[in-house]
Amino acid sequence: MTTPPSQLLVRTGNVTSSAAGVVRKGLANSQRELVSALRENFKAAIGEATLSTKREVEDGNIVDPQTWTESVDGVLTVPAKSPYSGQLKEVREGYEVTVKLFFLPGVEQSRHEQHMKQALEQVLSELGTEYVDLLIVSFPDIHFDADDEDEPVVTSEEVPAFVGTYRVAEELQQNGSVRRLGVSEFGSSRLSSLLKHAKVKPGVDQINVRDCCVVPKPLILFAKEKGIDLLTHDDCAEILNEEILGGVLKEFGFEAGWRPEWVVKYTAVVRDRGVVENKGYFAFAQKGGEAAVEKNGNGNGCDGNGFVKLN
Amino acid sequence: MGLLALGTPFEWAEAKEHADNVRRLGIQQLIDIWKNYKGNERDVLLWGDETEYLVISFDDEGKQAYLSLRQAEILNELAKYRASEAAKVANGDKPIPTFHPEFGRFMLEATPGAPYNVGWDCLLSVEADMKLRRKIARNHMAPNETPISIPSYPRLGTPGKFTEPYHPPTGSKSRSQFLPDEVINPHIRFPTLAANIRSRRGEKVAINVPIFYDKNTPKPFNDPTVDYDRHLFPEDDDVRNGAAKEGHIYMDAMGFGMGCCCLQITFQAKNISEARNLYDQLCPMGPIMLALTAAAPVFKGFLADQDVRWNVISAAVDDRTKEERGEKPLEKSRFRIPKSRYDSVSTYISDSPRLLPEYNNKDLVIDPEFKEQLMKNGMDEILATHFAHLFIRDPIVIFQETLLAPPDGLADHFENIQSTNWQHMRFKPPPPGESIGWRVEFRSMEIQITDFENAAFAVFIVLLTRVILSYDLNFYIPIDKVEENMKTAHARNAVHEKKFHFRKNLFPTRPVTPTRDEHGRISRPPSPSRAESDADARRAQVDNEYTLLTIDEIINGSKSTSDDEEDGFIGLIPLIESYLNTVNVDVQTRCDLARYLDLVSKRANGQLKTGATWIREFVRGHEDYKGDSVVSDKINYDLMKRVEKLGNGTGELDAFDEQLLGKGWRRV
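Protein sequences, first through last, are from chains G and S.
Following our numbering, the numbering of the first sequence begins with 1 at its first residue and continues without gaps.
Following our numbering, the numbering of the second sequence begins with 312 at its first residue and continues without gaps.
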């Protein structure tokens, strides 16, 4: 315990069964949902920890993080255990488990392999399952614009990058821990580039459409022809950044300076009943130097005006 | 309506002698069902809707619209069609919709050929299925006939001819001075139902709907169509004894109520506990959806000062005696009964600890013996109370033959009581011997003019149930507030002008600090509000849980009034959107669902008109309207033509139609 951890894993536990604020704030956007879910889960974990050590939490006092977090092999896990976590309650076949992995900007592509495996591992262990039904990969800086009739030309540098990352997903599919693969925010030109290289065809392309009736016809036709389901999502382009993560951590007495590298969102829906039983997030961050702190983390599709209350 | 048993029904004088016996057999059948099916688990979501139609017969030369009484012939044609399609269905084609008789001989009821499941394709097939039903129905009618879907026929019971063919209102079953017995489905069950309700009550039913005072409506208004001088039946004395109230449209027969059309949705739950929870959570939505779907502003040829059918049906089947209604001291009747058999729900039934005793704050009339018997057989008190409450009613129609048959493995006696308790929710046990689970029926909605609207409200309710289950939402308010809301929902334009009691925070509350029990498991500390000694505090807490909201606020959410973003109401459509953002939905589905949610949202916020407002404005803007609240033959003909056009989706929409449906509502 002498070396301070250099990596951080935060988790929300099951958002649907945590407190009211999470769903309510999540209505605004998924960044807010993530942030408020983390906050609720931290509070609940502290509550549990203080109870078990028979100590009272007083307003304004910060509880020693060591009582409710875990630090192993340089990874700080917050909280160590979540009171809202939950294994799937019924037989596995009854669920559709979807996992969406957000690779955040500023991380070398070479580390995606490790990150993808790590993220999936967390979800499988959280839900107590061997596989997920759908893994959607969200690449950094790839955004689909439904209003833009002329899709941007795919640059020659980006194709090998996303294909490289996709290879890892294919490997997971082939080893059985993922049934179906998907990508996020791909227009028809990116999809077509990916298809040229893919060994396992993506079954899903997830696009953010506020007004879902304006999806470009070429994309609809292309997806239909290739048998790719076009699904909708409402996630922010920037689901987490250093400033926002730092804001939450600071409220609970942690140092700032953690640079988030990936976020994974998972949902378990009871297939025959359409009921969401479990939904949550993990985020992973690297201890970064002061230099890495960017001042303005907002913009990029998510309105973050003042919702992170520092102090 | 379910299958119609054939047989010989008792008249009331004899039926009442067998009432106790039927109730006892019914309770025994319920106990058997409960024992056999209470352990059902993991039943899938199946659901279905029921749509009802009036059959209109047009005389285009004379510019007249009538109610067609050819229900039996039309159903016969539809049955032949069904038989002719049976081979295709057996070979895997989609089952065709089914048609059922209803009380009114001018009505049809239709349901999908098979229940829908949870799939998006099913959800999106609802509108097409409804359109198909309408088309099939129309194809099996005479060329001048058409099915239309509005809750109440504007000229039902008006003087002169309103049915094709004409029949004088002199029948001995209803003994109505407005409705001939020939408007009743001739299957013996229905005339007996009407006659026995009247006999049991000891007089004709009396339905008084407030008149809408327009600029030339005589004031005071005394229904000019009432005949005070008729001496055909003893019940003709009713009006001489003050049955018709000043300021009201007076109606005197079951057909006025059971001749109304509704939109009902039934869901199968995964188990009995989920069904009980859904029943309770949807219960406070009943009045909200009634006001939001309001489409019945005209009764017996007059504009009414209300927008919905509900209290008309309630009064139309009110079989309570004067003693039961509290107008005479109790001598022969067993109970004082505050409500009609058709009315809002009086008790919640969930086994969840969230159901605080304060929510069931009505002094419920029950049969204590049945409650005891059910509990002795292992049923918990809350559910036993519910059924003991339903079983205070008499069976109205008893077929002699059913008393001779052994009751085992059947539900006929149970259903005799259960399905003549027409409350705004219905908790439906599995039918014995079938693989159907515990179900909940949502019954308050009014039928809409177009299938687009009917599908929109059906889909809205289905999605709402998924949100309730996913987020474990809590809609509880004291049940007397639901009852109050039901009354509020009747007001003219209640959807925009009234406020409704509604729970402020739908989310489950959780203690800030979970505790651990001696085994180290997390347990929640007992909420202080559950402590017996703390009844006052609990009542205060419950009173603080709800507030008055407009339907716009309930459906679309309200902006917070301060910086604290949590003090506004979240809104049901934002919650549904949140659910849709969580599950995997394809682009096309999302786009289609958006049309439906948009309609519900705009009906709530006033950008679109309810059917009731649209019909009322049509009448008041008609050249033949004299400002006197009278909806003439000519106005009615034009209204029916317009409603037919919208329902069939033919012709162009003008600006007035768009006030009802919005722009571009029609999909390719």
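No residue lacks a Cβ here, since even glycine has one placed at the ideal position from N, Cα and C.
Treat the numbers as computed from the prediction; the structure is a model and nothing was measured.
Residues sharing a beta bridge with residue i, DSSP
{"i": "residue 562 of chain S", "result": "S/518"}
{"i": "residue 208 of chain G", "result": "G/233"}
{"i": "residue 70 of chain G", "result": "G/77"}
{"i": "residue 98 of chain G", "result": "G/134 and G/267"}
{"i": "residue 361 of chain S", "result": "S/575"}
{"i": "residue 11 of chain G", "result": "G/282"}
{"i": "residue 427 of chain S", "result": "S/358"}
{"i": "residue 495 of chain S", "result": "S/415"}
{"i": "residue 736 of chain S", "result": "S/753"}
Any chain S beta carbon closer than 7 Å to residue i
{"i": "residue 14 of chain G", "result": "no"}
{"i": "residue 9 of chain G", "result": "no"}
{"i": "residue 117 of chain G", "result": "no"}
{"i": "residue 67 of chain G", "result": "no"}
{"i": "residue 165 of chain G", "result": "no"}
{"i": "residue 129 of chain G", "result": "no"}
Opening and closing residue of the beta strand (DSSP E) in which residue i lies
{"i": "residue 750 of chain S", "result": "750-753"}
{"i": "residue 458 of chain S", "result": "456-459"}
{"i": "residue 652 of chain S", "result": "Per DSSP, residue 652 of chain S belongs to no beta strand (DSSP E) and is neither H nor E."}
{"i": "residue 813 of chain S", "result": "810-814"}
{"i": "residue 77 of chain G", "result": "75-78"}
{"i": "residue 578 of chain S", "result": "574-579"}
{"i": "residue 312 of chain G", "result": "Residue 312 of chain G lies beyond the range of chain G shown here (1 to 311); nothing can be said about it."}
Interface flag, residue i vs chain G, CB-CB below 7 Å
{"i": "residue 1010 of chain S", "result": "Past the boundaries of the shown model lies residue 1010 of chain S; chain S is included only from 312 to 979, so the question cannot be answered."}
{"i": "residue 898 of chain S", "result": "yes"}
{"i": "residue 911 of chain S", "result": "no"}
{"i": "residue 853 of chain S", "result": "no"}
{"i": "residue 750 of chain S", "result": "no"}
{"i": "residue 901 of chain S", "result": "yes"}
{"i": "residue 942 of chain S", "result": "no"}
{"i": "residue 429 of chain S", "result": "yes"}
Contacting residues, own chain, Cβ-Cβ under 6 Å from residue i (five flanking each side not counted)
{"i": "residue 595 of chain S", "result": "786, 788 and 793"}
{"i": "residue 142 of chain G", "result": "185"}
{"i": "residue 869 of chain S", "result": "879 and 880"}
{"i": "residue 231 of chain G", "result": "204 and 206"}
{"i": "residue 199 of chain G", "result": "170"}
{"i": "residue 10 of chain G", "result": "38, 78 and 283"}
{"i": "residue 15 of chain G", "result": "22, 37, 279 and 280"}
Close Cβ partners of residue i (< 7 Å) along its chain, the five nearest in sequence each way excluded
{"i": "residue 620 of chain S", "result": "462, 463, 571, 607 and 757"}
{"i": "residue 925 of chain S", "result": "970 and 971"}
{"i": "residue 941 of chain S", "result": "612 and 613"}
{"i": "residue 510 of chain S", "result": "323"}
{"i": "residue 441 of chain S", "result": "362, 762, 765 and 766"}
Element boundaries [alpha helix (DSSP H), containing residue i]
{"i": "residue 342 of chain S", "result": "323-348"}
{"i": "residue 863 of chain S", "result": "862-867"}
{"i": "residue 396 of chain S", "result": "382-401"}
{"i": "residue 893 of chain S", "result": "883-893"}
{"i": "residue 377 of chain S", "result": "It is not in any alpha helix (DSSP H) - residue 377 of chain S instead sits in the beta strand (DSSP E) that spans 375-379."}
{"i": "residue 418 of chain S", "result": "Here residue 418 of chain S belongs to no alpha helix (DSSP H); instead the beta strand (DSSP E) covers 418-422."}
{"i": "residue 248 of chain G", "result": "242-251"}
* To do: Please list the residues of the region 561-583 of chain S that have a C-beta atom closer than 7 Å to any C-beta atom in chain G, keeping them in chain order.
  => 581
* Interface positions of the region 769-785 of chain S facing chain G (Cβ-Cβ less than 8 Å), listed along the chain -> Those residues of the region 769-785 of chain S that come within reach of chain G (Cβ to Cβ, closer than 8 Å) are 777, 780, 781, 782 and 783.
* Asked: Of the residues that make up the region 337-356 of chain S, which ones have a beta carbon closer than 8 Å to any beta carbon in chain G?
  -> Listed in sequence order: 353, 355 and 356.
* To do: Could you list the residues in the region 229-250 of chain G with a C-beta less than 9 Å from some C-beta on chain S, going in chain order?
  => 229, 230, 231, 232, 233, 234 and 235
* **Proximal residues, the region 436-468 of chain S versus chain G, C-beta separation under 7 Å** => Of all residues in the region 436-468 of chain S, none has a C-beta nearer than 7 Å to a C-beta of chain G.
* Members of the region 261-288 of chain G that neighbour chain S once the beta carbon cut-off is set at 9 Å -> 267, 269, 270, 271, 272, 273, 274, 275, 276, 277 and 279
* Asked: Taking Cβ-Cβ distances below 9 Å as the criterion, which residues of the region 85-99 of chain G are in contact with chain S?
  -> 90, 91, 94, 96 and 98
* To do: Mind checking the region 164-186 of chain G against chain S and listing, in chain order, the residues whose C-beta falls within less than 8 Å of any C-beta there?
  => From the region 164-186 of chain G, no residue has a Cβ closer than 8 Å to chain S.
* Residues from the region 878-892 of chain S in contact with chain G, defined by Cβ distance under 9 Å -> 881, 882, 885, 886, 888, 889, 890, 891 and 892
* To do: Taking only beta carbons into account, state which residues of the region 186-211 of chain G come closer than 9 Å to chain S, listed in chain order.
  => 204, 206, 207, 209 and 211
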